[in-house]
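Peer 1:
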Amino acid sequence: MSPVLAGVLQLLALVAALGLSYRPLGDHMARVYSSEKHLRPEKWIYKAIGANPSVEMRWPAYLRGVLAFSAVSVLFLYLLQRLQGSLPGSLGFVSIDPDQAFNTAASFVANTNWQSYYGEQAMGHVVQTGGLAVQNFVSAAVGIAVAVALVRGFARSRTGELGNFWSDLVRGTVRILLPISVIGALVLVACGAIQNFSGIHEVGQFGGGTQQWNGGAVASQEVIKELGTNGGGYFNANSAHPFENPNGLSNLFEIYLILVIPFALTRTFGRMVGSLKQGYAILGTMATIWLGFTALMMWTEFAHHGPAFDIAGGAMEGKETRFGIAGSSLFSVATTLTSTGAVNSFHSSYTGFGGGLTMLGMQLGEIAPGGVGSGLYGMLIMAVIAVFIAGLMVGRTPEYLGKKIGTREIKFAACYILVTPALVLCFTAASFVLDTPSHSMTNSGAHGFSEILYAFTSGANNNGSAFAGLNADTQWFNSTIGIAMLLGRFLPMVFVLALAGSLAEQAPVPETAGTLRTEKPLFTGLLVGTIMIIAGLTYFPALALGPLAEGLAA
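Mapping to my numbering: the sequence shown position 311 is 1273, numbers consecutive.
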């Protein structure tokens, strides 16, 4: 079987698995966030944290809940790392330095999981399972909660209430993420991923010498790492490590975990707003971009440029032979079009255009299908902008899902799309103006520029993957990327929740003959065009200095 055919079959199997999960999972999540009942374990949690899950919140109160919970999470994870040397189960590792502890705490709470450390050489069992794995669950649940709040803003009328953050947080964790993670961990263990609390072992190497390996609760952390679109690996090699991702079957399963909730949330959206067709339109937009990027990535990585490429069957540098180009391409597109950031190959070693595609996937806003929760609310923001543009073209007040998109709403949407590019481009520029940051680059020229541009693109978009070659464990990068991760996560949430509150207060607008039909393929095409144009106008000059220049010079 040719590698290209194997790649097509993997893609078809993935699409089939996602299709089978779409309806039951999407409907289940709609029921979870619409139910008025609370499970007994949920009641115990509410009592422990002193929350009343029945009290509805307006958007400022909902936002305060998000920010307060996240701030406490950052502090807890920071202290856990700083005290690691005194904790049991530390495997003899010392406490983490202050700047790196801040960076890691910000990273995992912001659902970014950027790692400027070697996981198996820095973090013991307590920090990995009691700190990092816990944040993998709750940071994902926060993202879903904010997305659900925005959906309620479209669904409700004449009220500013968006639900209860604490209830949404707990339900998302207990009823959605935990059950799927238990099943997924068993699947990964069956595939060969490890799950233990063993210490450090010294293993002989072929040709002499030894190497040290430590065990850990890898399978359970791996599944929520992918399912929650987190991305932080137990080991430095991330999902290229055989303990995390043993074979082709586990690789395909992990890609499925990355995509299943973001895609299924479009059906949840359709259910909650009372129109499944609206959900299908958003799904169609996400799927069009995802399939397009996948096809382009496979084409550029399979393209042969000389005898070495012919012998290897394509661009195999930086890729695992057990996954090949197809499995690596599928994974890289899935992880950069969502906010996952996990890697089973190294994006810095991709062709110039292939590396550019991974970067562009993040720069679109990671909305195809995007991160858990963040993909849906990011796509809905883009839908609001697309409706506004369409309204300008025909000279009528824009409407979306029965709500008018006026001055206030479009300001919130515009602020949302400006935050991340500003962080990415300003911090990248500052890194080249100052002397010290540029010394962290292994490569010069266009590829060196791409290393730093990719780092801030990844941090501000809450992705977490990196171009190998950049030494990010410096005070400058630990601090600035940490700031970019926090602002890139929580500033957009401010505008999302403010928009949700504004929409919920409106009375529904009756549909007329002049209303734009946002459930039709025409709107899907308009939305895809809007996304590509906005990203292109924003990032094209920077991409031209990095991956495009490198690709054209190859």
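Glycine residues also receive a C-beta, built at the ideal position from the N, C-alpha and C atoms.
Determine, using beta carbons only, whether Leu1094 and Gly1194 come nearer to each other than 8 angstroms.
Peer 2: Residue 1094 sits at position 132 when you count from the first residue of the sequence shown. Residue 1194 sits at position 232 when you count from the first residue of the sequence shown. In contact: Leu1094 and Gly1194 (Cβ atoms closer than 8 angstroms).
Peer 1: With contact counted as at least three CB pairs below 8 angstroms, one residue from each stretch, are the stretch 1486-1497 and the stretch 1303-1314 in contact?
Peer 2: No: the two stretches stay apart, fewer than three of their Cβ pairs being nearer than 8 angstroms.
Peer 1: Just reading off the alpha helix (DSSP H) that Thr1500 is part of, what are its end residues?
Peer 2: One-based indexing of the sequence shown puts residue 1500 at position 538. Pro1483 to Leu1507 is the span of the alpha helix (DSSP H), which, as asked, contains Thr1500.
Peer 1: In chain order, what residues of the same chain lie with their CB nearer than 6 angstroms to the CB of Pro1470, ignoring the 5 residues before and after it?
Peer 2: Here residue 1470 refers to the residue found at position 508 when the sequence shown is read from its first residue. So the qualifying residues of the chain are Ser1119 and Gly1364.
Peer 1: Per DSSP, what kind of secondary structure is Glu1361 in: helix, strand or coil?
Peer 2: Along the sequence shown, read from residue 1 onward, the residue named residue 1361 stands at position 399. Looking at Glu1361 - three-state DSSP - the assignment turns out to be strand.
Peer 1: Under the criterion of a Cβ to heavy atom distance below 7 angstroms, does Ile1138 qualify as lining the ligand NAP?
Peer 2: The ligand NAP is absent from the structure shown, which contains no ligands of any kind.
Peer 1: Please classify Ile1162: does DSSP put it in a helix, a strand, or coil?
Peer 2: Within the sequence shown, numbered from 1, the residue matching residue 1162 stands at position 200. Three-state DSSP puts Ile1162 in a strand.
Peer 1: What are the boundary residues of the beta strand (DSSP E) that includes Asn1176?
Peer 2: Start at 1 with the first residue of the sequence shown, and residue 1176 comes out as number 214. Taken as a continuous stretch (DSSP letters only), the beta strand (DSSP E) holding Asn1176 covers Thr1172 to Asn1176.
Peer 1: If we cut at 8 angstroms on Cβ distances, does Asn1176 have a partner in chain D?
Peer 2: No chain D appears in this structure, which consists of one protein chain only.
Peer 1: Applying the criterion that 16 or more other CB atoms from any shown protein chain within 10 Å of the CB defines a buried residue, is Gln1437 buried or exposed?
Peer 2: Position 475 of the sequence shown, counted from the first residue, corresponds to residue 1437. Under this definition Gln1437 is an exposed residue.
Peer 1: If you check the beta carbons only, do Ile1287 and Pro965 fall under 8 angstroms apart?
Peer 2: As a first step, residue 1287 is located in the sequence shown; it is residue number 325 there, counting from the start. As a first step, residue 965 is located in the sequence shown; it is residue number 3 there, counting from the start. Cβ atoms of Ile1287 and Pro965: closer than 8 angstroms.
Peer 1: Roughly how many angstroms separate the alpha carbons of Gly1246 and Asp1061, rounded to a whole number?
Peer 2: Within the sequence shown, numbered from 1, the residue matching residue 1246 stands at position 284. Within the sequence shown, numbered from 1, the residue matching residue 1061 stands at position 99. Taking the straight line joining both Cα atoms gives about 42 angstroms.
Peer 1: So the candidates are Met1019, Glu1361, Gly1333 and Leu976; which of them puts its Cα closest to the Cα of Glu1481?
Peer 2: Position 519 of the sequence shown holds residue 1481. Cα-wise, what sits closest to Glu1481 is Glu1361.
Peer 1: Confirm, please, whether the CB-CB distance from Val1108 to Val1458 is below 8 angstroms.
Peer 2: Position 496 of the sequence shown, counted from the start, is the residue given in the question as residue 1458. Position 146 of the sequence shown, counted from the start, is the residue given in the question as residue 1108. Yes.
Peer 1: Contact defined as beta carbons within less than 8 angstroms: I believe Val1334 pairs with Arg1137. What is the distance between those atoms, to the nearest angstrom?
Peer 2: Against the sequence shown, residue 1334 aligns to sequence position 372. Against the sequence shown, residue 1137 aligns to sequence position 175. About 14 angstroms; that fails the 8 angstroms criterion.
Peer 1: Taking only runs that begin and end inside the stretch 1419-1494, name each unbroken alpha helix (DSSP H) of 4 or more residues, in chain order.
Peer 2: Listed in chain order, they are 1437-1467.
Peer 1: Tell me the residue span of the alpha helix (DSSP H) that contains Arg1002.
Peer 2: Against the sequence shown, residue 1002 aligns to sequence position 40. Looking at the DSSP string, the run of the alpha helix (DSSP H) that includes Arg1002 is Arg1002 to Ile1011.
Peer 1: In whole angstroms, what separates the C-alpha of Ser1427 from that of Ser983?
Peer 2: Taking the sequence shown and counting its residues from 1, one reaches residue 1427 at position 465. Taking the sequence shown and counting its residues from 1, one reaches residue 983 at position 21. One C-alpha to the other measures close to 27 angstroms.
Peer 1: Helix, strand or coil for Ser1182, going by three-state DSSP, please let me know.
Peer 2: Here the question's residue 1182 lines up with position 220 in the sequence shown. Helix at Ser1182.
Peer 1: Can Arg1114 and Gly1125 be called in contact, C-beta distance under 8 angstroms?
Peer 2: Stepping through the sequence shown from its first residue, residue 1114 is reached at position 152. Stepping through the sequence shown from its first residue, residue 1125 is reached at position 163. Going by C-beta atoms, Arg1114 is nearer than 8 angstroms to Gly1125.
Peer 1: What does the Cβ neighbour count give for Ser1032, buried or exposed, with the cut at 16 atoms within 10 Å?
Peer 2: Counting from 1 along the sequence shown, the entry for residue 1032 is found at position 70. Its Cβ being crowded by 16 or more others within 10 Å, Ser1032 is buried.
Peer 1: For Ser1129 and Gly1190, which I take to be in contact (beta-carbon distance under 8 angstroms), what is that distance rounded to the nearest angstrom?
Peer 2: Indexing the sequence shown from 1 puts residue 1129 at position 167. Indexing the sequence shown from 1 puts residue 1190 at position 228. Not a contact, Cβ separation roughly 19 angstroms.
Peer 1: Identify whether Glu1123 lies in helix, strand or coil by the three-state DSSP scheme.
Peer 2: Counting from one through the sequence shown, the residue named residue 1123 turns up at place 161. If DSSP states are grouped into helix, strand and coil, Glu1123 belongs with the strands.
Peer 1: What residue range does the alpha helix (DSSP H) around Met1355 cover?
Peer 2: One-based indexing of the sequence shown puts residue 1355 at position 393. Unbroken alpha helix (DSSP H) run through Met1355: Ser1336 to Val1356.
Peer 1: Spatial neighbours of Asn1209 within its chain, please: C-beta separation below 8 angstroms, excluding the five flanking residues on both sides.
Peer 2: Taking the sequence shown and counting its residues from 1, the one referred to as residue 1209 is at position 247. So the qualifying residues of the chain are Cys1153, Gly1154 and Arg1284.
Peer 1: What is the DSSP secondary structure of Met1019, reduced to helix, strand or coil?
Peer 2: Reading the sequence shown from its first residue, position 57 is the one you call residue 1019. In the structure shown, Met1019 sits in coil (DSSP, three-state: anything other than H, G, I, E or B).
Peer 1: On the CB-based measure, 16 or more other CB atoms within 10 Å of its CB, does Ser1406 come out buried or exposed?
Peer 2: Translated into the one-based positions of the sequence shown, residue 1406 becomes position 444. The residue is exposed, with fewer than 16 neighbouring Cβ atoms inside 10 Å.
Peer 1: When the Cα of Ser1307 is compared with those of Ala1111, Met1278, Phe1485 and Trp1175, which residue comes out closest?
Peer 2: As a working mapping, residue 1307 is identified with position 345 in the sequence shown. Cα-wise, what sits closest to Ser1307 is Met1278.
Peer 1: Between Asn1423 and Thr1390, which are expected to be in contact by the criterion C-beta below 8 angstroms, what is the C-beta distance as a whole number of angstroms?
Peer 2: Taking the first residue of the sequence shown as position 1, residue 1423 is located at position 461. Taking the first residue of the sequence shown as position 1, residue 1390 is located at position 428. No, Asn1423 and Thr1390 are not in contact; Cβ-Cβ is about 13 angstroms, not under 8 angstroms.
Peer 1: Hey, quick one: how far does the alpha helix (DSSP H) through Phe1374 stretch, first residue to last?
Peer 2: The residue labelled residue 1374 in the question sits at position 412 within the sequence shown. Segment Thr1369 to Val1395, the alpha helix (DSSP H) holding Phe1374.
Peer 1: List the endpoints of the continuous alpha helix (DSSP H) containing Thr1262.
Peer 2: Within the sequence shown, the letter at position 300 stands for residue 1262. Leu1238 to Phe1264 is the extent of the alpha helix (DSSP H) around Thr1262.
Peer 1: Just curious, the alpha helix (DSSP H) that Pro986 is in, first and last residue?
Peer 2: In the sequence shown, the residue the question calls residue 986 occupies position 24. Its alpha helix (DSSP H) spans residues Pro965 to Ser996.
Peer 1: Could you work out which residue in Leu1039, Phe1231, Leu1148 and Arg1358 is closest to Val1089 when comparing CA atoms only?
Peer 2: To locate residue 1089, count along the sequence shown from 1; it is residue 127. It is Leu1039 whose Cα lies nearest to the Cα of Val1089.
Peer 1: Find out if the Cβ-Cβ distance for the pair Ala975, Leu1292 is shorter than 8 angstroms.
Peer 2: If you number the sequence shown from 1, residue 975 lands on position 13. If you number the sequence shown from 1, residue 1292 lands on position 330. Contact flag unset, no.
Peer 1: Under DSSP, the alpha helix (DSSP H) around Phe1116 begins and ends at which residues?
Peer 2: Residue mapping note: residue 1116 aligns to position 154 of the sequence shown, counting from 1. First-last of the alpha helix (DSSP H) with Phe1116: Ala1095 to Ala1117.
Peer 1: Comparing C-alpha positions only, which one of Val1185, Met963, Leu1299 and Glu1206 sits nearest to Gly1332?
Peer 2: Counting from one through the sequence shown, the residue named residue 1332 turns up at place 370. Considering only alpha carbons, the answer is Leu1299.
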